[in-house]
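A.B. asks:
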Amino acid sequence: MNSINHIGIAGSGTMGRGIAQVFAQAGLAVTLYDVLPEALENARQQIEQALKSLAEKGKLSPEQTTEITGRIRYTLAPEELKCDVLIEAVAELLPVKQQLFAQFEQVLSNESIVVTNTSSLSVTALSAGLRHPHRFAGLHFFNPAPVMKLVEVVRGELTAPETVQKLVALVSRTGKHPVVVADSPGFIVNRVARPFYTEALKLAEEQVAGIETIDRLMRATGFRMGPFELMDLIGNDINYSVTQSVFQAFSGEPRFRPSRMQELKVKARHLGRKTGKGFYNYDK
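Sequential numbering of the sequence shown, starting at 1, is according to our numbering.
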């Protein structure tokens, strides 16, 4: 697996920059790509701040911080993403992702592995139209990527066993725990997690209890965060989109039905921490 030394990441948002930090800390060269200069600059600042925080806590030395920072290159040029593994971390929209994959197939070598960080879309559907679908898979990190240990390695219908093996070994190099899963709606974690969110939303909609009470009770049972706190952290737009995908993939199964309350949050752009307001208000 030492043949994989260069990771390309398309999309410098919360997940993209978090994944970039993970691989840079593991000693790999990383190229982070975005179409927006301001997004790349924000990613640079966020990564440097995260590494600085680790250094202040004594988890990294100043020398290590400098080395990790130096392993990440930021670019607006897609042709600079000639890497061993390309990870897509853009919006959860099938056409957007497919267009990106088609674009980068013109740049990548025939040996490169392409993966998606999708949290709910079909890996098999995303691979449709690719020249090398056997070297395509899902690599689902969880937010925040530098902290969360689990990574779902999603095997599409056309994914070659060798591709899965290489990705499992690659994830293991970062110190995280890879779990191989089949291409099923929501995979494992997001499918199991739907009731955590949807039942909490139903309780709030039915005025059984307020959101602060529900969150407090869930924390009291051992959860690190309540459902509304977690939705605000993930982003209500992302969380709602995943619920929609799972609901549609299971042909309208009632237990996966999206919440009207969360839909209104999305329409109002009350997306959570990233916009300063969600189920809770956040000041700077």
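Quick reminder that beta carbons are idealized off the backbone N, C-alpha and C, glycines included.
Give a yes or no on contact between the segment 163-173 and the segment 92-103, applying the rule of three or more CB pairs nearer than 8 Å.
C.D. replies: Too few Cβ pairs lie closer than 8 Å, so no.
A.B. asks: Let me know the secondary structure DSSP gives Ile214 once reduced to three states.
C.D. replies: Position 214 of the sequence shown, counting from 1, holds the residue named residue 214. Helix at Ile214.
A.B. asks: Is the beta carbon of Met261 closer than 8 Å to that of Ala204?
C.D. replies: For the purposes of this step, residue 204 is taken as the residue at position 204 of the sequence shown. For the purposes of this step, residue 261 is taken as the residue at position 261 of the sequence shown. Yes, they are a contact pair.
A.B. asks: May I have the straight-line CA-CA distance separating Met1 from Arg71, to the nearest angstrom?
C.D. replies: The sequence position of residue 1 within the sequence shown is 1, counting from 1. The sequence position of residue 71 within the sequence shown is 71, counting from 1. Because the pLDDT at Met1 is just 48, under 50, the model does not fix this residue reliably, and the point stays unresolved.
A.B. asks: Just checking my contact of Leu94 with Leu139 at CB under 8 Å: how many whole Å lie between their CB atoms?
C.D. replies: Here residue 94 is taken as the residue at index 94 of the sequence shown, counted from 1. Here residue 139 is taken as the residue at index 139 of the sequence shown, counted from 1. Leu94 to Leu139, Cβ: 17 Å. No contact.
A.B. asks: So what does DSSP say about Gly8, is it helix, strand or coil?
C.D. replies: Reading the sequence shown from its first residue, position 8 is the one you call residue 8. Gly8 falls in the strand class under three-state DSSP.
A.B. asks: Buried or exposed for Gly278, please, with buried defined as at least 16 other CB atoms from any protein chain shown within 10 angstroms of its CB.
C.D. replies: Taking the first residue of the sequence shown as position 1, residue 278 is located at position 278. Buried.
A.B. asks: Grab the span of the alpha helix (DSSP H) containing Phe23 for me, first residue to last.
C.D. replies: Residue mapping note: residue 23 aligns to position 23 of the sequence shown, counting from 1. Unbroken alpha helix (DSSP H) run through Phe23: Thr14 to Gln25.
A.B. asks: Could you please give the first and the last residue of the uninterrupted alpha helix (DSSP H) stretch that includes Phe247?
C.D. replies: Position 247 of the sequence shown, counted from the start, is the residue given in the question as residue 247. Note, Phe247: alpha helix (DSSP H), Asn236 to Ala249.
A.B. asks: Kindly list the residues whose CB is nearer than 6 Å to the CB of Gly186, restricted to its own chain and excluding five residues on each side of it in sequence; keep chain order.
C.D. replies: For the purposes of this step, residue 186 is taken as the residue at position 186 of the sequence shown. Excluding residues within five positions, the ones whose Cβ falls inside 6 Å are Ser120 and Val246.
A.B. asks: Find the nearest neighbour of Thr14 within the set Val96, Ala89, Val30 and Gly252, judged by alpha-carbon distance.
C.D. replies: Looking up residue 14 in the sequence shown gives position 14. Thr14 has its Cα closest to that of Ala89, out of Val96, Ala89, Val30 and Gly252.
A.B. asks: Contact defined as beta carbons within less than 8 Å: I believe Gly235 pairs with Gly175. What is the distance between those atoms, to the nearest angstrom?
C.D. replies: By one-based count along the sequence shown, residue 235 stands at place 235. By one-based count along the sequence shown, residue 175 stands at place 175. In fact, because the Cβ distance is near 26 Å, the residues do not count as touching under 8 Å.
A.B. asks: Helix, strand or coil for Tyr197, going by three-state DSSP, please let me know.
C.D. replies: Along the sequence shown, read from residue 1 onward, the residue named residue 197 stands at position 197. Helix at Tyr197.
A.B. asks: Among the candidates Asp183, Ser61 and Glu92, whose CA atom is the shortest distance from the CA of Asp237?
C.D. replies: Position 237 of the sequence shown, counting from 1, holds the residue named residue 237. Nearest C-alpha to Asp237: Glu92.
A.B. asks: Comparing alpha-carbon positions, which option in Lys265, Asp232 and Tyr240 lies nearest Lys274?
C.D. replies: Here residue 274 is taken as the residue at index 274 of the sequence shown, counted from 1. Minimum Cα distance to Lys274 is reached at Asp232.
A.B. asks: Where does Asn281 sit, in a helix, a strand or coil, going by DSSP?
C.D. replies: The residue given as residue 281 occupies position 281 in the sequence shown. In the structure shown, Asn281 sits in a strand (DSSP, three-state: E or B).
A.B. asks: What does a CB cutoff of less than 8 Å around Arg269 pick up in its chain, not counting 5 residues either side in sequence?
C.D. replies: Residue mapping note: residue 269 aligns to position 269 of the sequence shown, counting from 1. Thr275.
A.B. asks: Can you give me the C-alpha to C-alpha distance between Thr116 and Ala137, rounded to a whole angstrom?
C.D. replies: For the purposes of this step, residue 116 is taken as the residue at position 116 of the sequence shown. For the purposes of this step, residue 137 is taken as the residue at position 137 of the sequence shown. Whole-angstrom Cα-Cα distance: 7 Å.
A.B. asks: Are the Cβ atoms of Val114 and Val154 separated by less than 8 Å?
C.D. replies: Translated into the one-based positions of the sequence shown, residue 114 becomes position 114. Translated into the one-based positions of the sequence shown, residue 154 becomes position 154. No, the Cβ-Cβ distance between Val114 and Val154 is not below 8 Å.
A.B. asks: Can you tell me where the alpha helix (DSSP H) holding Glu163 begins and where it ends?
C.D. replies: To locate residue 163, count along the sequence shown from 1; it is residue 163. Here the sequence assigns Thr to residue 163, which means Glu is not the residue at that position. Residues Pro161 to Arg173.
A.B. asks: Let me make sure I understand the geometry here. Which of Phe196, Glu157, Gln46 and Ile211 has the alpha-carbon closest to that of Pro144?
C.D. replies: Residue 144 sits at position 144 when you count from the first residue of the sequence shown. Per the Cα distances, Gln46.
A.B. asks: I need the straight-line Cα distance from Glu152 to His132, nearest angstrom please.
C.D. replies: As a first step, residue 152 is located in the sequence shown; it is residue number 152 there, counting from the start. As a first step, residue 132 is located in the sequence shown; it is residue number 132 there, counting from the start. So the two alpha carbons sit approximately 21 Å from each other.
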